[in-house]
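Residue numbers (this note's numbering), protein chains in the order written: chain P, 1 to 354; chain G, 355 to 708; chain F, 709 to 1062; chain H, 1063 to 1416. We put the beta carbon where it would ideally sit given N, CA and C, even for glycine. Nothing here was measured: the structure is a model prediction, and the numbers come from that model. Input: a single structure, listed below in structure tokens.
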């Protein structure tokens, strides 16, 4: 018996039960300047949390291992500066306590998805936990790992699908949205998606993010860098700040509260493009409904239907919108529709309700 | 060097270069009545082609193998009756010629994705071909198989991702949208997605279809049955007609030309729900832009901006819409926006253009 | 209920029920000279059948596709010349009849493991069939494909594991010996192994072949080429003739009946090395048994035990060996053992039976 | 540049550079009695180390988690009692120090194969480490994980392949012997194999162990239980003590030094069966060589060759065997061979050298 979905909220950031989050930031915290620059870009785009690694799980011991607790202080400062909570990965039980002191969310990475002592330790730290699925673990095992975190007392657990290992070689992993959806039927916890590690290449991150959004993910976690060619890790899969902005506008994540007039107008333009496309589709439907009416000898205008449409808009737009405003919008749409249906009076300035 | 995307068109059905198709129908053609009933439902929902198997590639030789050429005649009659082209699978070189005589599109199934003689034979039949990726083949091999079809003379080839074999067991396959996107960067051919075989379970088909849509697939191929519990094959993954209808409305595939008034109104209602949501998001953005303006001491109203917004709506809605209609819509949105921004005159009946 | 294992015999070649076969030859038949040269090497090594492809399933339509029926005649001539049956792949139903006229065994390749029409056609051709497992198919599906061949009337079916697709990239495939063993518990058909395609690299073919032998495979099919760097396909995984010879000696496949004195002596030397190693191990065991006897105060010599050992050798070596010969061998071993156990009289020329 | 293979030795236990080990014991240490009983069986069979888990990495937090340090003391006592070193898994950095105090070898399990802090901690503990490959990690990553252990100062590192995750479902994992062999070409460290976790079912453990032996593994680690149906974990894949004994005899691992007379004789019997089979094969080869000699008109007896054979046996059996004993053995074999070759004087009591 799966309970209703729950939301996990951390400051302005929430995921689950209809709330959808975007966590973004560099793979690794490289310097105070780097993380602050990227934090600003991330906030401007509309992300609701800042990610950044300070302890890096690297395949090779000779690769850059992260700036540790010093890096954490840079990340904290950057998050505070832009007003975003911070998410960072914990790799070992001994790191839990110092990280939990400064980080808002403790991330458990894919390689540690069955590091049970770490799961227990992180689950007992009094901080929300973001648990990635291992690239070699099943959905069933992923949810069992979540039980370790919950059993340790964690109340705010977010699960993250990030691609599994398969034979396919054009991408780094294979994003398992079906597995995420199967998990959805087994847990009430929020489920977010990491398209960056699944793709391993920048050009596929945005379309995979859109796919995850289409599948109903409760959020995204993406890697962003402003000079990816110089990144200390995973530069090939990092989005540029502009990519993130476009993605946020497209999936309907609002830009940061402190955004510039121009930034917000870009977002409004994206909305207007979508409204226009929907209105065009609506008009094509009106032409079809007119055909059906003619076949049946039914009149084109149907005032009862118009009233229903208006009432729905009034209800959907809700209390904060003046009633006359909602009605004018519905009238405008109905007027366009009548014109598309070929009703002779349609499109005149006075509209259908004249 | 990848050429620009091409569209493959078959009657009303087209996929690629911005056109998006929905191919739907039963896994197997079971009887003249069954396929006609489902064809009607499929057309009503808005699908642009009817699929149905008459030669069934079954793992076991003792399972139902399809009704063969007799089934093909039933499928053809059903397609003609509802005005949809038909898509059916060809399993062997010797079937190509008789199937090509009646079918609009020849499908090559996943198990035959490297049956090179069949690829050549089907490619030379003068019919469009729909080539599924094998569940064990790489993107590179899939595109190499496509070369066999093209080299045999086929001009209209559609590629279909349908899930690959992985260790995950909650789903039948793992839908590889990343692989589809990687293929996108390597070919100009249309790429569609089969969420039914990837999921293997009805409850995940619609969200995976949405994911594929989000990823930019040029179309979908889905299995539909009106009594799936009695289906001769793959009933567990078949959508019900009502599921297909809801999916088409949601992804913006228009219902069939001959749809009833009620069917089309359902589609209009879906559009109106989306418009309402976008308008709400627009108003939230207006509130944010107002904050930015106040911080900067800029006035709330900006008539140059309003003119830009209006001009964009006029352009986006295009020639078939009366200019006054587009302007009334833009005015309604701008008026709501001004109210959200706290402009004192907003929301009054006369609106911003008073 | 699994029936007892059955053997499939084709001329000198048999696999199953205790008989173990080695099928070897070039990936592709390239010329009459090439296939004859390799056939001689293969026969000399001890392989019991000659393989060679004349219709090649190549990923790309622009790669070498095989010499077809002309190549088949070269293969047949080479096989006849060295007295070996020939195995060749059939890729399409229309090839079955002409191939079956000349080939002793029809091979179905991995890519066609679920090409059901081909399975049926090949199963009805009156020739033994060698069915490879698809690289993306489960053991269950492999056995279901076998049912297609059997249902078409084939009485002599051999199954072949050749590696499956996994995430691992150091090898071409992952040889699934566990899957072969699982199949063993589900079928009475012979199960052979193709280490060449599983490895994809020459240096791993021999140790994987030994592994397959250790797992109890009923045979091997390996690719051999005398100038692999010039091979038209799959040269990187071809064994050299000398590798095959060493492998045959090591796994105990006898060299060809017509082998030279030197070739057979090489094989005898390999046997003698193994006997020596076993005798050394036997002596170490004798030293241990002596320790146990001393701990218990039991005498070193135990004539009842010696009689048992002798009787076993006599029985194991069977009727074709003169009784005195078997006894002399047992005496020699027992004498060495007594010496190892520290029995004072041991090792003297007259032996234990003095 | 791969250095020559190295051996890792711990008491009587060694793996690598020609030494081959068998580590055996229960999945979990369940009680002092259980582990002692199984330790005795394991020693009797011939295993060179005792394994047993006291901290158990279980998928679910609600499953049995092991008896911890108390269990370790039971394991230590059992090992001491039978004279075997002990191997146990360490799951967290904090466990390294207490486990290293009592355990001879620290095992890192598959789920922790990329738990880099644990790798570093275990590598610095001054104990040999046994590092399992993760079921979702590549050979390249496995070797990179090994670098973490080595970089922390470990001089005695053993690598263990234990099966990877694939789509195949008849077995728990897919034993990747090809991957082990690929690793062999990249590292000088000993490579052992765990057939128990790869198979997940008892009936396949022994044949997979034989396969690993055939592939040249430097050792095996297998789970053994005397009442597997009552085991607290993984009972389905545990060998019975008698299975282990038969396996050790078959692969030539000597029984424990303290074995009973009967136990050692069972091992001798296994050797004698193999010698008999080799002698039979030798005689078949002699018949072939005789055919070749007759074709060429060469005499059957060839005293130079006989001298070579004798010299080889003398050399192979080495210094601890009296020369006359080695000669008698060679004479017995040569005599049998001459009889097989049809030489008239063969088989007479006085032998060939009479």
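Short of 7 Å in beta carbon distance, which residues of its chain neighbour residue i, apart from the five on each side in sequence? Order them along the chain.
i: residue 738 of chain F; result: 940
i: residue 343 of chain P; result: 300 and 301
i: residue 1296 of chain H; result: 1089 and 1285
In this structure, how does DSSP classify residue i when only helix, strand and coil are distinguished?
i: residue 253 of chain P; result: coil
i: residue 443 of chain G; result: strand
i: residue 1085 of chain H; result: strand
i: residue 370 of chain G; result: strand
i: residue 917 of chain F; result: helix
i: residue 8 of chain P; result: strand
i: residue 417 of chain G; result: coil
i: residue 2 of chain P; result: coil
i: residue 382 of chain G; result: strand
i: residue 582 of chain G; result: helix
i: residue 1258 of chain H; result: helix
i: residue 924 of chain F; result: coil
i: residue 201 of chain P; result: coil
What's the gap between the Cα of residue i and the Cα of residue j?
i: residue 21 of chain P; j: residue 128 of chain P; result: 14 Å
i: residue 1064 of chain H; j: residue 1246 of chain H; result: 9 Å
i: residue 437 of chain G; j: residue 472 of chain G; result: 29 Å
i: residue 1178 of chain H; j: residue 489 of chain G; result: 34 Å
i: residue 349 of chain P; j: residue 679 of chain G; result: Note that residue 349 of chain P scores a pLDDT of 43, beneath 50, so its modelled location is shaky and nothing firm can be said.
i: residue 924 of chain F; j: residue 1269 of chain H; result: 7 Å
i: residue 1184 of chain H; j: residue 629 of chain G; result: 59 Å
i: residue 760 of chain F; j: residue 423 of chain G; result: 37 Å
i: residue 640 of chain G; j: residue 1154 of chain H; result: 52 Å
Go to residue i, then tell me how far its alpha helix (DSSP H) extends in each direction, as first and last residue.
i: residue 1133 of chain H; result: 1130 to 1144
i: residue 1386 of chain H; result: 1385 to 1402
i: residue 392 of chain G; result: 386 to 399
i: residue 303 of chain P; result: 303 to 317
Excluding the five sequence neighbours on either side, which residues of its own chain have a C-beta within less than 6 Å of the C-beta of residue i, listed in chain order?
i: residue 819 of chain F; result: 765
i: residue 1252 of chain H; result: 1070, 1077, 1078, 1220 and 1280
i: residue 358 of chain P; result: Outside the shown range of chain P, which is 1 to 354, sits residue 358 of chain P, and nothing can be said about it.
i: residue 249 of chain P; result: 267 and 270
i: residue 708 of chain G; result: Reliability fails at residue 708 of chain G, whose pLDDT of 35 lies under 50, so the model's placement of it is uncertain and no value is given.
i: residue 1085 of chain H; result: 1111, 1113, 1149 and 1283
i: residue 531 of chain G; result: 569
The beta strand (DSSP E) that contains residue i, what's its start and end?
i: residue 279 of chain P; result: Careful: residue 279 of chain P lies outside any beta strand (DSSP E), inside the alpha helix (DSSP H) at 261 to 296.
i: residue 51 of chain P; result: 49 to 51
i: residue 574 of chain G; result: 573 to 577
i: residue 948 of chain F; result: Element bounds for residue 948 of chain F: n/a, residue is neither H nor E.
i: residue 193 of chain P; result: 191 to 193
i: residue 483 of chain G; result: 483 to 486
Give every residue of the same chain whose Cβ lies closer than 8 Å to the Cβ of residue i, excluding the five residues on either side of it in the sequence, and list them in chain order.
i: residue 1236 of chain H; result: 1225, 1226, 1227, 1228, 1230 and 1260
i: residue 148 of chain P; result: 116, 119, 120 and 123
i: residue 76 of chain P; result: 86, 102 and 103
i: residue 500 of chain G; result: 485, 511, 513, 541 and 543
Legend entry - Sequence ranges, beta strand (DSSP E) only - wholly within the region 802 to 830 of chain F, length at least 3: 813 to 816
Inset, instruction - With a floor of 4 residues, list each alpha helix (DSSP H) that falls wholly inside the region 831 to 897 of chain F, ordered by position along the chain. - result: 847 to 859 and 885 to 892
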